[in-house]
Amino acid sequence: MATFESSDQEQVYSQGQSLSSGQMPTAFTCFPDLPIELRLRIWTWACFHPRDVHVGVKTVRTITPWTNPSPIGLVDYRYYFSRTSCPLILRTTRESRSEALKRYQLDFGIHTSIERLTCSIPPRIYVNWEADRICIDDDFALYGAEALRDLLLDRKVRSLALTVRDKKTPLLLPPLLRAEHLQDIFLVWDTRRFCPDGDYRSVRNRESYRGNGWEAIRTLLISKWPSMELPSSDFFWHQGDTSGGLQYTEEGSNVTLMLNWPNDRKLPLRQLMPRPE
């Protein structure tokens, strides 16, 4: 049976007295002494802390070989960028980085080929597709919407943030809403709120949307309202005759968002949050 010597008792008493006097420790220094199984479990848990990953696109310019009598051009010469910093767990220790690389992957690379001309840009954005929310910049080029849509479907994106005033949003929404892997879509008015450290967690309880035409895991939400005024009630988002569009109507202090499918068939998506005072 273990017993305390008098010196041990004095040490415990002095430590307890110092803690009770308000001098709390500022760092957990015993983490390296934990069993490796517990440390790896903590690193894995940290990998699934959801992040808002900003994704934008920059267009360089059209590439045309000047030696070709009839120039061929890479009109889609563009590359993805992000204002979201690299996950800190990748920079903490070798152990944390090794575990994090099992969850995070570099993505959003570009590889385009036209005849003999090839443009290849390696992926540079770390994403955990099982946890992170992809926040699409509203400056995203419209002609790149199809490639982005295909990438999101291929990666089985679970959470997405888009802007309602963006012309490419109607191009992205219909196929994504039909995807079984998509859990939620956040519609916002201004992407600057998540460039880079916005917070999209102040949303209404998704359970309140049950029975409104969408499953609970397929809800479409608006998380924050900016201080700007809403557009007029007849404001209409639309792109072409076959891709549908977005429209909202006001009823008192509430706003309803509609997705206009072809043949004038309107599908109500969700009753949104009241306009702020």
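Position 59 of the sequence shown, counting from 1, maps to 59 under UniProt numbering, and the rest follow consecutively. Quick reminder that beta carbons are idealized off the backbone N, C-alpha and C, glycines included.
Taking only the alpha-carbon atoms, compute the straight-line gap between residue i and residue j and give it to the nearest angstrom.
i       : j       : result
Val-55  : Arg-155 : 15 angstroms
Ile-45  : Arg-178 : Checking the sequence shown, residue 45 turns out to be Trp, not Ile. About 30 angstroms.
Ile-185 : Pro-32  : 39 angstroms
Val-157 : Thr-26  : 38 angstroms
Leu-182 : Phe-28  : 38 angstroms
Tyr-79  : Gln-105 : 17 angstroms
Gln-23  : Arg-94  : 32 angstroms
Arg-91  : Ser-98  : 10 angstroms
Buried or exposed: residue i, going by 16 or more other Cβ atoms within 10 Å of its Cβ?
i       : result
Ser-159 : buried
Thr-163 : buried
Ser-96  : buried
Cys-47  : buried
Leu-34  : exposed
Mind checking whether residue i and residue j have CB atoms under 9 angstroms apart?
i       : j       : result
Pro-87  : Asp-107 : no
His-111 : Ile-125 : no
Val-57  : Leu-148 : yes
Ala-100 : Ile-136 : no
Pairing CB atoms from the segment 80-90 with CB atoms from the segment 171-180, are three or more of them under 8 angstroms? Taking 8 angstroms as the limit for Cβ pairs, the verdict is that the segment 171-180 does not touch the segment 80-90.
Mind the definition here: the segment 123-139 touches the segment 32-39 only if three or more C-beta pairs lie below 8 angstroms; say whether that holds. No, because fewer than three Cβ pairs between the segment 123-139 and the segment 32-39 fall closer than 8 angstroms, the two stretches do not touch.
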